[in-house]
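From first to last, the protein sequence lines stand for chains A and B.
My numbering puts the first residue of the first sequence at -7, with every later residue one more than the last.
My numbering puts the first residue of the second sequence at -7, with every later residue one more than the last.
For glycine and all other residues, C-beta sits at the position ideal for the given N, C-alpha and C.
There are 2 protein chains.
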Amino acid sequence: MTPPEHNPEDVAIDAWTRVLSRAPDQINAPRESDAELVPLPGDANACLAITIDTVAEEIRAGLYQDPYTMGWVTIMASLSDLAAVGAEPVGVVISASNPGDFERSFEARAALGMEEACRSLGTHVLGGDTNATPEISLTACAIGTVPRREALTRRGIGRGDAVYLTGRAGAGNAFAMARILGLSVEDFPEERYRPAARIAAGVALRGRATACMDTSDGVLATLDQLMRLNARGFEIDGDWPRFLCEDAAEVCKRSGRPEWMMLWGPHGEYELVFTIPADRVEAFEEEAPSLGLEPVRFGTVQERPALTAELPSGMKIDVDMRPVVDLTTAKETDLRLIIDKYEEIGRSQGLE
Amino acid sequence: MTPPEHNPEDVAIDAWTRVLSRAPDQINAPRESDAELVPLPGDANACLAITIDTVAEEIRAGLYQDPYTMGWVTIMASLSDLAAVGAEPVGVVISASNPGDFERSFEARAALGMEEACRSLGTHVLGGDTNATPEISLTACAIGTVPRREALTRRGIGRGDAVYLTGRAGAGNAFAMARILGLSVEDFPEERYRPAARIAAGVALRGRATACMDTSDGVLATLDQLMRLNARGFEIDGDWPRFLCEDAAEVCKRSGRPEWMMLWGPHGEYELVFTIPADRVEAFEEEAPSLGLEPVRFGTVQERPALTAELPSGMKIDVDMRPVVDLTTAKETDLRLIIDKYEEIGRSQGLE
């Protein structure tokens, strides 16, 4: 099943995938897993997980000021894709494109962010490439391994599965909104924005989750994508504060914006959304602490392919991510205006 | 041994490597191989080869007009790094940053170049990332495998080793100079510039070559780098036409520029420079055809760390690549002027 083209980034991806042939032994189909999965040569039971991510748009938009953050996020974005397939990292290679300055202060700071991000998850930058370009663009390619039968993908969601988050989310949107709305840097300093990839959680979910995907595009966009790929919908709990990390709750309080926006916006973080079969929910929740997991149950799979939120008022509404995703990829560059539009779209759909 | 910082790109790389720690099981030291080498998990006798390359500067300079060429070169640049360590590719992931256009004609053409480059070497694009940016930047990360004991690196050159090229070189500089000097497109159409990575040659050189490096920065810059890393020099044959591919010879004829410039310039191709121990030269040359190799013998290793060319006149001169490399990374943007300066520097050193 090919999901419908529903936003400009998907259209761009389709333009590539129409021409590029798949490797005959590749395990995943396009878009169906966070990292590419190919058999590990010489070991029929293992596969390589490979993923590449470029951080350029967020830097251009001015969200990150400190090259440390740029380096940190670049590494974590790619490691998070390994986490979502249940892989353990072998290492990362990077490509750094930036204007050269005499003191090389950019490189020193960005490298430190990369180094500490890798170290926090027990991996290393193996090497890379540098280019002199007018704008900053950082790319990381992470390589990992996962037992072949236990690799997690975005597909495989079953009837009535329970939906979880690996932890409270919203840090990504909270940070972006704090910057764009002009919250004081003292209230949310950039150095507090250090989202971590959930490598250990991904490993723990091997053979347990029926599907898994990271929240790098925001929690609700993740559910939307999983819905399209699995042709099954979700009924989720609309008691939003339950799902927000501390920073996200704080930014809502200070900005006066509603909590659901922290899950609705496109600047995600690196939690994992995953599904557990209904008949294993009890056992899973019981063993979770011993696996190092603190899963946050978020809802249930429904057969109707819609994203339905049950609001605290008891009312159930279907939310449609399409206008949000379209806005993300539109040419509008006034980010404050985009935030207003996000809120407007959500409210018009009945979010509260 | 750390080679001296001798150009701005090395300075940038040093700024990164000073901060980034090595993976404890990483086989290569920084800069000592074209691809990063790490043990393949679960197989003590094999290692993964991983490399990443971004093509942005050449595109910005206007050298490539057709997105097909941009895609082709991006794939080949990374596969060539695998070739230089003797690895066979598992696959490639790509990251494409470019302005979106409505028809997605850029993506279709660039994807075709990537697809055909991969197909010509029996590998595939496994997946990737897309970003909307004002300028075009294409990154490929190639992953391969090579038996651990047979991985080729840039170090290991022995006393009196013979130096070879896998084939006649100069295609890269020929193409760049044809474009910059305004040779007619009919004389050297862009579609004739399809340099191929030497994967099969790299595999054949496993366990045979003492060192190997690709010519992506130009043949003489490759020798210069090998010299610095091995603290041994080369005495090379200055009968330049012997080493030039047909296109390079043709561009010399049409432009009136000297042949050595095709090896001197920085826009290389994907031949391999490699060394063979003196006592195995005869056997190597005998078995080369059965290995699918047509090696071009270029010179001999000398203990003095200098790059010495024996000119047809019988005169021996030492050539110094440093001013050439410095010019490559200087801020000058008039490429025609840079070509004139390349020639001037070479002539002042006695090249003819």
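| task | Alpha carbon to alpha carbon, how far is Val47(B) from Ile135(A)? Give it in angstroms, no decimals. | result | The residue you call residue 135(A) lines up with position 143 of the first sequence. The residue you call residue 47(B) lines up with position 55 of the second sequence. Straight-line Cα distance between these residues: approximately 21 angstroms.
| request: Quick one: grab the DSSP three-state call for Asp206(B). | output: Here the question's residue 206(B) lines up with position 214 in the second sequence. If DSSP states are grouped into helix, strand and coil, Asp206(B) belongs with the strands.
| query | Of the choices Ile331(A), Ala4(A) and Ala223(A), whose alpha-carbon is the least far from that of Gly148(A)? | reply | On the first sequence, position 156 is the one that residue 148(A) refers to. The candidate whose alpha carbon is nearest that of Gly148(A) is Ala223(A).
| N- and C-terminal bounds of the beta strand (DSSP E) containing Gly150(B) | Translated into the one-based positions of the second sequence, residue 150(B) becomes position 158. Premise fails: Gly150(B) is in no beta strand (DSSP E) and is neither H nor E.
| Beta carbon proximity, Ala66(B) to chain A, threshold 8 angstroms | The residue given as residue 66(B) occupies position 74 in the second sequence. At residue 66(B) the sequence reads Thr, which differs from the Ala that was named. No, Thr66(B) lies away from the interface with chain A (no Cβ there is under 8 angstroms from its Cβ).
| query | When we look at the beta-carbon of Thr158(B) and count the other beta-carbons within 10 Å, is it buried (16 or more) or exposed? | reply | As a first step, residue 158(B) is located in the second sequence; it is residue number 166 there, counting from the start. With 16 or more neighbouring CB atoms inside 10 Å of its own CB, Thr158(B) falls in the buried class.
| query | Can you tell me whether DSSP reads Trp8(B) as helix, strand or coil? | reply | Translated into the one-based positions of the second sequence, residue 8(B) becomes position 16. Trp8(B) falls in the helix class under three-state DSSP.
| Anyone know if the C-beta pair for Pro281(B) and Thr320(B) falls short of 8 angstroms? | Sequence index remark: in the second sequence, residue 281(B) carries index 289 (1-based). Sequence index remark: in the second sequence, residue 320(B) carries index 328 (1-based). No; because the gap between Cβ atoms is not below 8 angstroms, this pair is not in contact.
| message | Residues in the same chain with beta-carbon distance under 6 angstroms from His116(B), minus the five sequence neighbours each way, listed in chain order, please. | response | What you label residue 116(B) is simply residue 124 of the second sequence in a count that begins at 1. Closer than 6 angstroms at Cβ, skipping near neighbours: Gly83 and Cys110.
| What's the call for Leu329(A), buried or exposed, on a 16-neighbour Cβ count within 10 Å? | Along the first sequence, one-based indexing puts residue 329(A) at 337. Leu329(A) is exposed by the Cβ-count criterion.
| Within 8 angstroms, strictly: CB atoms of Gly194(A) and Ala27(A) | Here residue 194(A) is taken as the residue at index 202 of the first sequence, counted from 1. Here residue 27(A) is taken as the residue at index 35 of the first sequence, counted from 1. No.
| task | Show which residues of chain A have a CB atom less than 8 angstroms away from the CB atom of Glu49(B). | result | What you label residue 49(B) is simply residue 57 of the second sequence in a count that begins at 1. The answer, in chain order, is Asn123, Ala124 and Thr125.
| Contact with chain A by Ile330(B), beta-carbon distance below 8 angstroms | Here residue 330(B) refers to the residue found at position 338 when the second sequence is read from its first residue. So, not an interface residue.
| Residue(s) in a DSSP beta bridge with Pro139(B) | Here residue 139(B) refers to the residue found at position 147 of the second sequence. For Pro139(B), which the question treats as bridged, DSSP gives the partners Ala38(B).
| task | From the DSSP output, read off the bridge partner residues of Lys308(A). | result | Within the first sequence, the letter at position 316 stands for residue 308(A). DSSP lists Glu302(A) as partners of Lys308(A).
| query | Expressed to the nearest angstrom, what Euclidean distance is found between the alpha-carbon atoms of Ala347(B) and Asp121(B)? | reply | Outside the modelled stretch of chain B, which goes from -7 to 344, sits residue 347(B), for which no answer is possible.
| message | Residues of the region 33 to 45 of chain B in Cβ contact with chain A at a cutoff of 9 angstroms, in chain order, please. | response | Pro33, Gly34, Asp35, Asn37, Ala38, Leu40, Ile42, Thr43, Ile44 and Asp45
| task | Give the interface partners of Val30(B) over in chain A, defined as CB-CB distance under 8 angstroms, in chain order. | result | Counting from one through the second sequence, the residue named residue 30(B) turns up at place 38. Ordered by position in chain A, the residues that pass the 8 angstroms Cβ test against Val30(B) are Val82, Gly83 and Leu118.
| request: Tell me, please, which residues DSSP counts as bridged to Ala124(A). | output: Within the first sequence, the letter at position 132 stands for residue 124(A). Bridge partners of Ala124(A): Asn90(A).
| query | Relative to the C-alpha of Ala189(A), which residue among Val65(A), Glu49(A), Leu303(A) and Ser89(A) is closest? | reply | On the first sequence, residue 189(A) is found 197 positions in, with the first residue counted as 1. Looking at the Cα atoms, Val65(A) is the closest of the given residues.
| Assuming Asn123(B) contacts Ser89(B) under a Cβ cut-off of 8 angstroms, what Cβ separation, rounded to an integer in Å, is found between them? | As a working note, residue 123(B) is residue 131 in the second sequence. As a working note, residue 89(B) is residue 97 in the second sequence. With a contact defined as Cβ atoms closer than 8 angstroms, Asn123(B) and Ser89(B) qualify at about 4 angstroms.
| message | Can you tell me whether Ile19(A) is helix, strand or coil according to DSSP? | response | The residue you call residue 19(A) lines up with position 27 of the first sequence. Reduced to three states, the DSSP call for Ile19(A) is coil.
| Apart from the five residues just before and just after Arg171(B), which ones in its own chain have a Cβ nearer than 7 angstroms to its Cβ? | Translated into the one-based positions of the second sequence, residue 171(B) becomes position 179. So the qualifying residues of the chain are Leu55.
| field | Three-state secondary structure (DSSP) of Gln57(A) | value | The residue labelled residue 57(A) in the question sits at position 65 within the first sequence. Looking at Gln57(A) - three-state DSSP - the assignment turns out to be coil, as it is neither helix nor strand.
| message | If you reduce the DSSP assignment to three classes, tell me which class Arg160(A) lands in. | response | Counted from its first residue, the first sequence places residue 160(A) at position 168. Reduced to three states, the DSSP call for Arg160(A) is coil.
| Within chain B, the residues that Ala109(A) reaches when beta carbons sit closer than 7 angstroms | Stepping through the first sequence from its first residue, residue 109(A) is reached at position 117. None at all; the shortest Cβ gap to chain B is about 11 angstroms.
| request: With a 10 Å radius around its C-beta and 16 neighbouring C-beta atoms as the bar for buried, classify Arg146(A) as buried or exposed. | output: Your numbering for residue 146(A) matches position 154 in the first sequence. Buried.
| Can you tell me the Cα-Cα spacing of Arg198(B) and Asp312(A), whole angstroms? | For this step, residue 198(B) is matched to residue 206 along the second sequence. For this step, residue 312(A) is matched to residue 320 along the first sequence. Cα-Cα distance, rounded: 56 angstroms.
| Whole-angstrom distance between Thr300(B) and Ala41(B), CA atom to CA atom | Within the second sequence, numbered from 1, the residue matching residue 41(B) stands at position 49. Within the second sequence, numbered from 1, the residue matching residue 300(B) stands at position 308. When rounded, the distance between both Cα atoms is 33 angstroms.
| field | C-beta atoms of Val273(B) and Ala154(B) nearer than 8 angstroms | value | Residue numbering aside, residue 273(B) sits at position 281 when the second sequence is read from its first letter. Residue numbering aside, residue 154(B) sits at position 162 when the second sequence is read from its first letter. Closer than 8 angstroms, so yes.
| request: Use the C-beta contact count for Asn165(A): other C-beta atoms within 10 angstroms, 16 or more gives buried, fewer gives exposed. | output: One-based indexing of the first sequence puts residue 165(A) at position 173. Under this definition Asn165(A) is a buried residue.
| field | Cutoff 8 angstroms: Arg198(A) Cβ touching any chain B Cβ | value | The residue you call residue 198(A) lines up with position 206 of the first sequence. Judged by the 8 angstroms Cβ criterion, Arg198(A) is not in contact with chain B.
| task | Tell me whether Ser305(B) is buried or exposed, calling it buried when 16 or more other Cβ atoms sit within 10 Å of its Cβ. | result | Looking up residue 305(B) in the second sequence gives position 313. That one is exposed.
| task | Out of Gly230(B), Arg10(B), Leu104(B) and Leu218(B), state which residue places its alpha-carbon closest to the alpha-carbon of Gly342(B). | result | Within the second sequence, residue 342(B) is the residue found at index 350, counting from 1. Checked all of Gly230(B), Arg10(B), Leu104(B) and Leu218(B); the closest Cα to Gly342(B) is Gly230(B).
| Segments assigned alpha helix (DSSP H), at least 4 residues, entirely inside the region 160 to 191 of chain A | 163 to 172
| task | Report yes or no: is there a C-beta of chain A within less than 8 angstroms of the C-beta of Val106(B)? | result | Position 114 of the second sequence, counted from the start, is the residue given in the question as residue 106(B). Note on residue identity: the sequence assigns Met, not Val, to residue 106(B). Taking Cβ atoms only, chain A reaches closer than 8 angstroms to Met106(B), which makes this a yes.
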